[in-house]
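Notes for the one structure printed next.
There are 2 protein chains.
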Amino acid sequence: GLSETMPELLAEPRWREKLDLLVTHAAETGAGERDAETVELLAPIESPGKIICVGLNYIEHVEEGGQERPENPILFSKFTNAITGPDSEIAWDPELTAEVDYEAELALVVGDRTRRVAPEEATDHLAGYTVANDVSARDLQFADDQWVRGKSLDGFCPLGPSIVTEDELDDPEACSIWTEVNGERLQDSSTSNLIFDIDTLVSFCSDAFTLEPGDVILTGTPPGVGAFREPPIYLQDSDTVEVGIEGIGTLTNHCGHD
Amino acid sequence: GLSETMPELLAEPRWREKLDLLVTHAAETGAGERDAETVELLAPIESPGKIICVGLNYIEHVEEGGQERPENPILFSKFTNAITGPDSEIAWDPELTAEVDYEAELALVVGDRTRRVAPEEATDHLAGYTVANDVSARDLQFADDQWVRGKSLDGFCPLGPSIVTEDELDDPEACSIWTEVNGERLQDSSTSNLIFDIDTLVSFCSDAFTLEPGDVILTGTPPGVGAFREPPIYLQDSDTVEVGIEGIGTLTNHCGHD
């Protein structure tokens, strides 16, 4: 048997080969097979050691916020209590925040313990990719200046629907990326528009922090967020929000007050 | 036996009673007794779910930085890779940062899973208190605006020497708190000077995030940090830095380049 949590699994030596064996075995024997209609998918990683987020990493998003193009990646964080899975409810207290926004993001999943890796070797240390919605309480985020509180309310980091391993995605920097709220497309871009590319981000982070198996890096959001629209569009009770990335999947969540 | 990690231990039902029994048993039988001279103390919590930090929470520290007294607690975060224990080395790459600063802080350790707790019930949910050094790469912190990178280099969150449980500290808001670098006292204040008190901080955090057993809340630093001195004082290779809080203990670390 393999580890129970994704960070533990990714910390196992030769996890890729073990997982391949398990998948082959399952396909041949039906062992571990589940009915997709009846299982509840959880976030593919529930308790990473850290969620590193990159701000201002698509130039048109930098511009819509009236910011300057950053010289280095701008890192911030979300606490892991924010993680939730596909099809779950994102619920918030309307007295705490009235400005809840969506942000579709490509999320990198670290595969190996990594410190000070060169850009050209960075992706060797990734396990794969998933989709994140970097849900943001804009009133809290901008009132605090430090972004972590407004970015970390419970349920404000939907992840999923699954991790696509590094070998299965042809080019993670050539994928369309979008957000739809109640079926209306509000973000529509491509990961080819990243200012700092994946290699640069992983290397930059690893210069400061030891990256651990299961750590998640959110690579920033394209233009079209609700806060910078005229008039602004914020998520409302009973909205459905979907973020998606070509080749990885779509991640749908329902909004509610609590 | 009890859990192997502190967050797991604190998540056990009735951990206080179990721990009391274990301590009583150890005192009576010598079971589990160790020679204090030969053991290496690690940080009392190595992998908390989150490290929540409070900025600008002593008025004279607010003033020395030329800031305004905050209306609400300013939260930021450190990644858990930053945690290190007593007597360890805080090592950094001098090409990454040349402005490493100390910050003595009272750290709260969450005991129970807690959401939206009222201030008057907040301390019921704490396991205890420890000492933290919120080591800060000022050049990175101020260049990024978002503080998490400069606050989270490996080893930049010494914790310890131990957790003093909530029942053992008479008044955590009436303790002297200090920093000494190579024996010279550079911070010298009292936790009675906190702008937002412990009850308020725990309640405020729990309004945004579910607090989990083992989560750590750093309550802010008093005046006297190196960055705001004339001329500034930054930690140097081979410095010894000690932070201490009356009734909890002192936490000594050695500085080095790597």
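Chains as they are written, first to last, in my numbering: chain A, 905 to 1162; chain B, 905 to 1162.
Yeah, the Cβ is synthetic: ideal placement off N, Cα and C, and Gly gets one too.
Quick check: does the Cβ of residue i come within less than 7 Å of any heavy atom belonging to the ligand ADP?
i                       : result
residue 1018 of chain B : Absence of the ligand ADP from the depicted structure is noted, as is the absence of any ligand whatsoever, leaving it without description.
Measuring only the C-alpha atoms, how far is residue i from residue j?
i                       : j                       : result
residue 953 of chain A  : residue 984 of chain A  : 8 Å
residue 1063 of chain A : residue 928 of chain B  : 45 Å
residue 974 of chain B  : residue 957 of chain B  : 14 Å
residue 1016 of chain B : residue 1097 of chain B : 27 Å
residue 1010 of chain B : residue 965 of chain A  : 39 Å
residue 1031 of chain B : residue 1153 of chain B : 16 Å
residue 1001 of chain A : residue 1078 of chain A : 35 Å
residue 1094 of chain B : residue 999 of chain B  : 35 Å
residue 1050 of chain B : residue 930 of chain B  : 46 Å
residue 1075 of chain A : residue 1022 of chain A : 19 Å
residue 1065 of chain B : residue 1112 of chain B : 29 Å
residue 912 of chain A  : residue 1114 of chain B : 23 Å
residue 1100 of chain A : residue 1004 of chain A : 26 Å
residue 1140 of chain B : residue 1085 of chain B : 10 Å
residue 1160 of chain A : residue 1129 of chain A : 19 Å
residue 1145 of chain A : residue 1157 of chain A : 5 Å
residue 988 of chain B  : residue 950 of chain B  : 7 Å
residue 1014 of chain A : residue 1148 of chain A : 20 Å
residue 1039 of chain B : residue 1122 of chain B : 12 Å
residue 1133 of chain B : residue 1081 of chain B : 18 Å
residue 1150 of chain A : residue 1027 of chain A : 19 Å
residue 1018 of chain B : residue 1116 of chain B : 7 Å
residue 1008 of chain A : residue 959 of chain A  : 12 Å
residue 1046 of chain A : residue 1107 of chain B : 21 Å
residue 1127 of chain B : residue 1091 of chain B : 6 Å
residue 919 of chain A  : residue 1073 of chain B : 46 Å
residue 933 of chain B  : residue 986 of chain B  : 37 Å
residue 910 of chain B  : residue 925 of chain B  : 17 Å
residue 1041 of chain B : residue 1143 of chain B : 15 Å
residue 921 of chain A  : residue 917 of chain B  : 39 Å
Could you give the first and the last residue of the continuous alpha helix (DSSP H) run that contains residue i?
i                       : result
residue 1110 of chain B : 1102 to 1112
residue 1046 of chain A : 1042 to 1048
residue 1052 of chain B : 1052 to 1055
residue 915 of chain A  : 910 to 915
Residue i bridges to which residues according to DSSP?
i                       : result
residue 1091 of chain B : B/1083
residue 1021 of chain A : Note: residue 1021 of chain A sits in no beta bridge, so no partner.
residue 1138 of chain A : Note: residue 1138 of chain A sits in no beta bridge, so no partner.
residue 949 of chain A  : The partner list for residue 949 of chain A (beta bridge, DSSP) is empty, contrary to what the question assumes.
residue 1005 of chain A : A/1040
residue 942 of chain B  : In the DSSP output, where bridge partners are listed per residue, residue 942 of chain B has none listed.
residue 1157 of chain A : A/1145
residue 1098 of chain A : A/962
residue 987 of chain B  : B/1061
residue 1115 of chain A : A/1018
At what residues does the beta strand (DSSP E) containing residue i begin and finish?
i                       : result
residue 982 of chain A  : 978 to 982
residue 1009 of chain B : 1008 to 1014
residue 967 of chain B  : Taken as a continuous stretch (DSSP letters only), residue 967 of chain B belongs to no beta strand (DSSP E), being part of the alpha helix (DSSP H) at 963 to 968.
residue 931 of chain B  : Element bounds for residue 931 of chain B: not the beta strand (DSSP E) but the alpha helix (DSSP H), 919 to 933.
residue 1065 of chain B : 1061 to 1069
residue 1035 of chain B : 1030 to 1037
residue 958 of chain B  : 955 to 959
residue 993 of chain B  : 993 to 996
residue 1120 of chain A : 1120 to 1122
Using CA coordinates, which residue listed in the options is at the minimum distance from residue i?
i                       : options                        : result
residue 1006 of chain A : A/918, A/1088, A/920           : A/1088
residue 968 of chain B  : B/1125, B/990, B/914, B/932    : B/1125
residue 923 of chain B  : B/938, B/934, B/933, B/907     : B/907
residue 1020 of chain B : B/1075, B/1029, B/1012         : B/1029
residue 981 of chain A  : B/1052, B/972, B/990, B/1039   : B/1052
residue 1083 of chain A : A/1107, A/1069, A/1102, A/1137 : A/1137
residue 1036 of chain B : B/932, B/1068, B/936           : B/1068
residue 976 of chain A  : A/1104, A/1118, A/1127, A/1110 : A/1104
residue 978 of chain B  : B/990, B/986, B/962            : B/962
residue 1061 of chain A : A/921, A/914, A/947, A/925     : A/947
residue 1118 of chain B : B/921, B/990, B/1012, B/926    : B/1012
residue 970 of chain A  : A/1155, A/1131, A/1142         : A/1131
residue 1025 of chain B : B/937, B/1034, B/1102          : B/1102
residue 1048 of chain B : A/972, A/1120, A/991           : A/972
residue 1109 of chain B : B/1162, B/937, B/1135, B/955   : B/955
residue 1120 of chain B : B/991, B/936, B/1033           : B/1033
query = Is the region 936 to 948 of chain A touching the region 942 to 960 of chain B, taking contact as three or more C-beta pairs under 8 Å?
reply = The region 936 to 948 of chain A makes no contact with the region 942 to 960 of chain B, as fewer than three CB pairs between them are under 8 Å.
query = Does the region 993 to 1004 of chain B come within contact of the region 1052 to 1062 of chain B, defined as at least 3 CB pairs closer than 8 Å?
reply = The region 993 to 1004 of chain B makes contact with the region 1052 to 1062 of chain B; the number of CB pairs closer than 8 Å reaches 3 or more.
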